[in-house]
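Read through the structure below, which is laid out as structure tokens, and then see the notes.
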Amino acid sequence: MRLKPFYRKTWAEIDLTALKDNVRHMKQHIGEDVHLMAVVKANAYGHGDAQVAKAALAEGASILAVAFLDEAISLRGQGIKAPILVLGAVPPEYAHIAAEYRITVTAYSVGWVKEALGFLSDDETALDIHLKIDTGMGRIGCRTEEEIKEIMELAKASGKINCRGVFTHFATADEKETDYFRMQLERFKKLIKSLPLDRLMVHSSNSAAGLRFKEQLFNAVRFGIGMYGLSPSPEIKDELPFPLQEVFSLQTELAHVKKIEKGESVSYGATYTAEHDQWIGTVPVGYADGWMRKLAGSEVLIDGKRQKIAGRICMDQFMIALDQEYPVGTKVTLIGKQKDESISVDEIAERLQTINYEITCMISSRVPRMFLENERIIGVRNPILPNDKE
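Counting from 930, one number per residue, gives the positions in the sequence shown under the numbering used here.
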């Protein structure tokens, strides 16, 4: 028996038309001669990795980036044949696996390269690498010209490793103050000056730097948070060269509606008590879906109007203080737009005192992703039912 894509009335809508518009505008901004690297790590920031990857590639992205080797192999398993770079640290004992899947990995120290070479044989496909330079982020990467030189010599002498690119990551590109950014940029330029840059993909700019500092792009830009229609930070929203279109929305429906009397309480701890007779709606969303308990008292949209969450959010459900009776099945928007009212990812992030990146990433995999293009559903992804149909 063929399964339906999902059996619950809660889903995230992923607007691939908006995503493609963001990619197209970024390509126009950086220029055709600059590679756009679509960052699809963490399941494309919670949006759906393969679907986002295919959309970005169709609109002009030339390479994908993920955080871990597992994410890259998963993309290969979903039919993605484009170049993929793993930005994070791949254990050296898995270097031959990356080579087998034709996945580019990050080389970040002399020790890593020496260990990786021990797991690569002469009769296997050579391993492609991008050399990571730590200019001030403090995560992984080479820090001296001597390290860089030794890695390049090891790669050349071995015949098992091909250096295809070099990169760094800015720590403060999304802040108004640019002194630290400028320091990192100058350090990067100094450290790579001895490399054959005309034969390498050189990338330092993330979304923030790529959007703000067009003159410092080198020949590739990593497009992450901006691709999803979200500003890298609230403080640089006024500096964006083109409007970003938000890609993610979160929808559910009223599962139950009842009238309670004045003095009755709702949810765990009885923290919400009705001050008058009122209608209460229940929806099938909870903190196991990523809708955190700290969002108690925040708002959702029903019929284009803001309605407050009543009481504590449960693992799988929460309740809403309704302004009137609504029928079961009425659409409830947690993130997104209804009529002239909207609740943005940034609003939820501000409510939780965090960044917009975290909001889309925290909506769990048990919430099905519905992919739309030109307002038409083109696929659904639901990991809980592994034989769902794209």
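We treat Cβ as the ideally placed atom computed from N, Cα and C, and that holds for glycine. Quick caveat: nothing in here was measured; it's all calculated off a predicted structure.
Short of 6 Å in beta carbon distance, which residues of its chain neighbour residue i, apart from the five on each side in sequence? Order them along the chain.
i: E1319; result: The pLDDT assigned to E1319 is 45, lower than 50, so where the model puts this residue is not dependable, and the model offers no usable value.
i: R1005; result: Y1030
i: T1107; result: none
i: E1022; result: F1048
i: V1042; result: A1036, I1080 and L1083
i: E1190; result: D1206
Considering only C-alpha positions, which residue in the set the options is nearest to residue i?
i: L1230; options: E1254, M1248, Y1255 and K1260; result: K1260
i: V1296; options: D1052, V1214 and Q1174; result: V1214
i: G1008; options: G1017, K983 and E1022; result: K983
i: V1195; options: D1245, R1241 and K1166; result: R1241
i: S1136; options: P1020, R1222 and V969; result: V969
i: V1019; options: F997, A1250 and K933; result: F997
i: N1285; options: D962, G975 and Y936; result: G975
i: G1017; options: A1011, T939 and D999; result: D999
i: K1326; options: R1128, R1072, E1022 and L993; result: The structure shown does not extend to residue 1326, since the chain is modelled only from 930 through 1319, so no value can be given for it.
i: H1205; options: Q1113, N1148, A1036 and K1188; result: K1188
i: Y1197; options: E1190, M1244, C1290 and D1232; result: M1244
i: E1175; options: I1165, F1152, S1160 and I1013; result: S1160
Given residue i, which residues of its chain have a CB within under 8 Å of its CB, disregarding the five upstream and five downstream residues?
i: I959; result: L965, G1139, K1143, L1146 and V1150
i: A987; result: K949
i: I1002; result: I1026, Y1030 and I1032
i: L1301; result: E942, I943, D944, L945, T946 and I1307
i: I1121; result: I1062, I1077, V1095 and V1131
i: R1068; result: H1098
i: L1281; result: M1221, K1223, L1224, E1287 and I1288
If you measure between the beta carbons of residue i and residue j, is that distance less than 8 Å?
i: I1062; j: F1096; result: yes
i: E1182; j: G1258; result: yes
i: D1057; j: N1091; result: yes
i: T1200; j: R1116; result: no
i: A1278; j: I1292; result: no
i: S1038; j: D1103; result: no
i: N972; j: G1158; result: no
i: V1015; j: A1024; result: no
i: L1251; j: I1209; result: yes
i: Q1246; j: V1212; result: yes
i: K938; j: A1184; result: yes
i: M1066; j: A1045; result: no
i: T1262; j: I1272; result: yes
Using DSSP's beta-bridge definition, name the partner residues of residue i.
i: R1298; result: A941 and R1310
i: R1235; result: L1230
i: N1091; result: D1057
i: L998; result: In the DSSP output, where bridge partners are listed per residue, L998 has none listed.
i: S991; result: According to DSSP, which records beta bridges pairwise, S991 is partnered with nothing at all.
i: V1274; result: DSSP output for V1274 lists no bridge partner at all.
i: C1071; result: I1062
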